[in-house]
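Colleague: Residues in the sequence shown are numbered consecutively from 1, following the UniProt record's numbering. Dumping the structure here so I can ask a few things about it.
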Amino acid sequence: MPVICICLSPGFQRSVIIDSLILGEVNRLTSVIVDAAGKGVNVCRVLQRLGVEACCLAQGGSNADELMSLARLEGLDLRLIPSSGPLRTCTSIVETSMATGRRVTELVEPSSPVDESCVDTLTQTVQAMLPSASALVLAGSMAPGYPAGYLARLASMARESGVPVLLDVQGSVLLDTLAARPAVVKINLAEFAATFFARRFSGGEHGGDLAEPLVSAEIINAVAEVSRNQATSFVLTRGAGSILLARDGEVRSIPVPALAAEQIINPIGSGDAFLAGLLAHLLTPCSNADWDNIPLEALEKAIGLATACAQSNARTVRPGLLEASFMASL
Numbered sequence: 001m002p003v004i005c006i007c008l009s010p011g012f013q014r015s016v017i018i019d020s021l022i023l024g025e026v027n028r029l030t031s032v033i034v035d036a037a038g039k040g041v042n043v044c045r046v047l048q049r050l051g052v053e054a055c056c057l058a059q060g061g062s063n064a065d066e067l068m069s070l071a072r073l074e075g076l077d078l079r080l081i082p083s084s085g086p087l088r089t090c091t092s093i094v095e096t097s098m099a100t101g102r103r104v105t106e107l108v109e110p111s112s113p114v115d116e117s118c119v120d121t122l123t124q125t126v127q128a129m130l131p132s133a134s135a136l137v138l139a140g141s142m143a144p145g146y147p148a149g150y151l152a153r154l155a156s157m158a159r160e161s162g163v164p165v166l167l168d169v170q171g172s173v174l175l176d177t178l179a180a181r182p183a184v185v186k187i188n189l190a191e192f193a194a195t196f197f198a199r200r201f202s203g204g205e206h207g208g209d210l211a212e213p214l215v216s217a218e219i220i221n222a223v224a225e226v227s228r229n230q231a232t233s234f235v236l237t238r239g240a241g242s243i244l245l246a247r248d249g250e251v252r253s254i255p256v257p258a259l260a261a262e263q264i265i266n267p268i269g270s271g272d273a274f275l276a277g278l279l280a281h282l283l284t285p286c287s288n289a290d291w292d293n294i295p296l297e298a299l300e301k302a303i304g305l306a307t308a309c310a311q312s313n314a315r316t317v318r319p320g321l322l323e324a325s326f327m328a329s330l
């Protein structure tokens with residue numbers, strides 16, 4: 001029974017390696033790597049690496065053949081629904097010099113609008129696949145052309161089929177989809193705060209109240225209040241900080257093992273790797289996961305593999321990839 005990963009903004013991830021980027025100057029690259037990417041694509045890739053049967057459904061485009069060639073080369077089960085317009089290319093500029101400080105700069109292209117016929121075919125394909133699916137993952141943004149509430153519609157279809165849904169979306173899309181009672185919502189704390197609290201807390205993932213090493217009692221109480229009113233389990237990441245788990249008004253803070261700065265090469269895709277690791281553990285018989293009410297104890301046990309996957313990804317250049325040494329240790 002495969003996990004169905006939905007990616008509504010797929011494309012190419014171009015990871016370029018450079019010693020140090022100097023703005024306004026000619027910069028010579030050390031190497032360039034191109035991968036199939038998008039949040040749902042990355043989740044699918046890591047799930048497959050972990051031995052979980054998974055496929056990714058996404059829209060194609062005028063350059064879909066090139067994307068499919070990349071997927072076939074790595075054995076990625078990517079299924080593209082025909083659409084017009086080019087698939088986007090996002091570029092990660094990875095600076096490797098420790099002298100100036102390792103940095104990753106992400107350049108994100110807009111997605112081409114998706115054809116209406118593609119939306120209809122994708123919906124029909126998901127509906128046909130759900131009876132034999134083990135889970136549905138909805139992750140990332142939607143390209144123009146998808147109707148408002150589309151992810152909520154897919155989540156409701158899964159709910160009606162008895163298939164657990166895992167979400168990595170934010171804002172109005174998340175609020176719309178919560179009515180389908182997803183099993184897990186995995187986003188970072190800054191995205192959670194922006195969705196539910198508007199400007200109540202300052203800063204974001206890298207600064208202000210939300211990035212403090214210790215989460216304040218006010219934030220904990222606010223998270224608890226949201227979880228009390230939603231029939232889902234929340235997993236809120238905080239970069240290198242502790243992870244918050246919340247369900248039915250209870251909040252737990254789970255420490256994250258430190259990753260030395262010199263070990264981090266490219267964190268792009270680490271959140272997707274985390275979600276894949278979390279789901280992979282929850283799908284194992286030993287997790288005893290009750291998808292309608294996943295206890296925090298089960299999530300806490302799954303955090304170990306999820307964090308290990310995220311950190312392994314951060315130690316590589318390519319998105320949604322796990323180190324060979326990490327794979328050998330499993």
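For each residue, glycine too, the CB sits at the ideal point set by N, CA and C.
1) With distances taken from CA atoms, which of P113, A273, T307 and I303 is nearest G48?
2) Taking DSSP as the reference, what is the three-state secondary structure of L282?
3) Whole angstroms are fine: how far does the CA of T307 sit from the CA of A258?
4) Roughly how many angstroms lie between the CA atoms of L136 and V163, to the nearest whole one?
5) How long is the line joining the alpha carbons of residue 375 and V126, rounded to whole angstroms?
6) What are the start and end residues of the alpha helix (DSSP H) that includes I303?
7) Beta-carbon separation of L296 and A289 under 8 Å?
8) In terms of residue numbering, what span does the beta strand (DSSP E) encompassing F197 cover?
9) Could you name the residues of the same chain whose beta carbon sits closer than 6 Å to that of I220, not counting the 5 residues immediately before and after it, in chain order?
10) DSSP beta-bridge partners for C7?
11) Suppose only complete runs of 4+ residues qualify. What are the alpha helix (DSSP H) ranges in the stretch 200-268, listed by chain order?
12) Taking the alpha helix (DSSP H) that D176 belongs to, which residues open and close that run?
13) Between the Cα of V165 and those of L275, F192 and G320, spot the shortest distance and give me the residue it belongs to.
14) Taking R315 and I268 to be in contact with their CB atoms under 8 Å, please state how far apart those CB atoms are, rounded to whole angstroms.
15) Spatial neighbours of S83 within its chain, please: C-beta separation below 7 Å, excluding the five flanking residues on both sides.
16) So I294 and L236 are in contact, right, with Cβ under 8 Å, and what is the actual spacing, rounded?
17) Rounding to the nearest angstrom, what Cα-Cα distance links R88 and E262 in this structure?
18) Locate the beta strand (DSSP E) running through V34, then write down its first and last residues.
19) Pull up the distance between the alpha-carbon of V41 and that of A224, whole angstroms please.
20) Just the C-alpha distance for E25 and V43, rounded to the nearest angstrom, thanks.
21) For N188, which beta-bridge partners are listed by DSSP?
22) Tell me the rounded alpha-carbon separation between I33 and D248.
23) Would you please state the rounded distance, in angstroms, between the beta carbons of S242 and S233? I believe it to be under 8 Å.
24) Could you check whether A54 and P2 sit closer than 8 Å to each other, using their CB atoms as the reference points?
25) Beta-carbon separation of G304 and N313 under 8 Å?
26) Which runs of the beta strand (DSSP E) fall wholly inside the stretch 55-134 and span at least 3 residues, in chain order?
27) Please report the straight-line C-alpha distance between G75 and M68, rounded to a whole angstrom.
28) Please check the pair L107 and C90, which I expect to be a contact at CB under 8 Å, by giving their CB distance rounded to whole angstroms.
29) For S97, I'd like the list of residues in its chain whose CB is within less than 6 Å of its CB, leaving aside the five on either flank, ordered along the chain.
30) Can you find a heavy atom of the ligand MN that lies under 7 Å from the Cβ of L283?
31) What's the call for E191, buried or exposed, on a 16-neighbour Cβ count within 10 Å?
32) Does the Cβ of R28 have 16 or more other Cβ atoms within 10 Å, making it buried, or fewer, making it exposed?
33) When the Cα of A198 is compared with those of L278, Q170, L322 and P213, which residue comes out closest?
Modeller: On the basis of the coordinates in this document:
1) Along the sequence shown, one-based indexing puts residue 48 at 48. Looking at the sequence provided, one finds Gln at residue 48 rather than Gly. Among P113, A273, T307 and I303, the Cα nearest to that of Q48 belongs to A273.
2) For the purposes of this step, residue 282 is identified with residue 282 of the sequence shown, where counting begins at 1. L282: helix per DSSP, three-state reduction.
3) As a first step, residue 258 must be located in the sequence shown, where it is residue number 258. As a first step, residue 307 must be located in the sequence shown, where it is residue number 307. Between the alpha carbons of A258 and T307 lies a gap of roughly 11 Å.
4) The sequence position of residue 136 within the sequence shown is 136, counting from 1. The sequence position of residue 163 within the sequence shown is 163, counting from 1. Going by C-alpha positions, L136 is about 7 Å away from V163.
5) Residue 375 is absent from the model: the chain starts at 1 and stops at 330.
6) Within the sequence shown, residue 303 is the residue found at index 303, counting from 1. Run containing I303: L296 to A314, per the alpha helix (DSSP H) assignment.
7) Numbered from its first residue, the sequence shown carries residue 296 at position 296. Numbered from its first residue, the sequence shown carries residue 289 at position 289. No, these two residues do not count as a Cβ contact at 8 Å.
8) Walking along the sequence shown from the start, residue 197 turns up at place 197. Careful: F197 lies outside any beta strand (DSSP E) and carries neither H nor E.
9) Indexing the sequence shown from 1 puts residue 220 at position 220. Closer than 6 Å at Cβ, skipping near neighbours: V251.
10) As a first step, residue 7 must be located in the sequence shown, where it is residue number 7. DSSP, once it has assigned bridges, lists A58 as partnering C7.
11) If one requires a minimum length of 4 residues, the alpha helix (DSSP H) runs lying completely within the stretch 200-268 are 217-228, in chain order.
12) Taking the sequence shown and counting its residues from 1, the one referred to as residue 176 is at position 176. G171 to T177 is the span of the alpha helix (DSSP H), which, as asked, contains D176.
13) Locating residue 165 in the sequence shown gives position 165, where the first residue counts as 1. Ranking L275, F192 and G320 by Cα distance to V165 puts L275 first.
14) To locate residue 315, count along the sequence shown from 1; it is residue 315. To locate residue 268, count along the sequence shown from 1; it is residue 268. No, R315 and I268 are not in contact; Cβ-Cβ is about 12 Å, not under 8 Å.
15) By one-based count along the sequence shown, residue 83 stands at place 83. Cβ neighbours of S83 beyond the five flanking positions: Q59, G60, G61, V114, D115 and C118.
16) Looking up residue 294 in the sequence shown gives position 294. Looking up residue 236 in the sequence shown gives position 236. Contact doesn't hold; Cβ gap of about 15 Å is too wide.
17) Counted from its first residue, the sequence shown places residue 88 at position 88. Counted from its first residue, the sequence shown places residue 262 at position 262. Going by the C-alpha atoms only, they are around 31 Å apart.
18) Taking the sequence shown and counting its residues from 1, the one referred to as residue 34 is at position 34. That run of the beta strand (DSSP E) goes S31 to A37.
19) Within the sequence shown, the letter at position 41 stands for residue 41. Within the sequence shown, the letter at position 224 stands for residue 224. Cα to Cα, V41 sits roughly 31 Å from A224.
20) Your numbering for residue 25 matches position 25 in the sequence shown. Your numbering for residue 43 matches position 43 in the sequence shown. Spanning the two alpha carbons is a distance of roughly 36 Å.
21) What you label residue 188 is simply residue 188 of the sequence shown in a count that begins at 1. Note: N188 sits in a beta bridge opposite T237.
22) Reading the sequence shown from its first residue, position 33 is the one you call residue 33. Reading the sequence shown from its first residue, position 248 is the one you call residue 248. So the two alpha carbons sit approximately 44 Å from each other.
23) Position 242 of the sequence shown holds residue 242. Position 233 of the sequence shown holds residue 233. Not a contact, Cβ separation roughly 17 Å.
24) Here residue 2 refers to the residue found at position 2 of the sequence shown. Here residue 54 refers to the residue found at position 54 of the sequence shown. Yes; because the gap between Cβ atoms is below 8 Å, this pair is in contact.
25) By 1-based counting over the sequence shown, the position of residue 304 is 304. By 1-based counting over the sequence shown, the position of residue 313 is 313. Against a cut-off of 8 Å, the Cβ pair of N313 and G304 comes out as no contact.
26) 78-81, 88-95 and 103-107
27) Here the question's residue 75 lines up with position 75 in the sequence shown. Here the question's residue 68 lines up with position 68 in the sequence shown. Computed Cα separation, rounded: 10 Å.
28) Counting from 1 along the sequence shown, the entry for residue 107 is found at position 107. Counting from 1 along the sequence shown, the entry for residue 90 is found at position 90. That pair is a contact at about 7 Å.
29) As a first step, residue 97 is located in the sequence shown; it is residue number 97 there, counting from the start. So the qualifying residues of the chain are D19 and S20.
30) Annotation note on the ligand MN: not contained in the displayed structure, which lists no ligands.
31) Residue mapping note: residue 191 aligns to position 191 of the sequence shown, counting from 1. Buried is the call here.
32) As a first step, residue 28 is located in the sequence shown; it is residue number 28 there, counting from the start. Exposed, by the Cβ-count rule.
33) Counted from its first residue, the sequence shown places residue 198 at position 198. It is Q170 whose Cα lies nearest to the Cα of A198.
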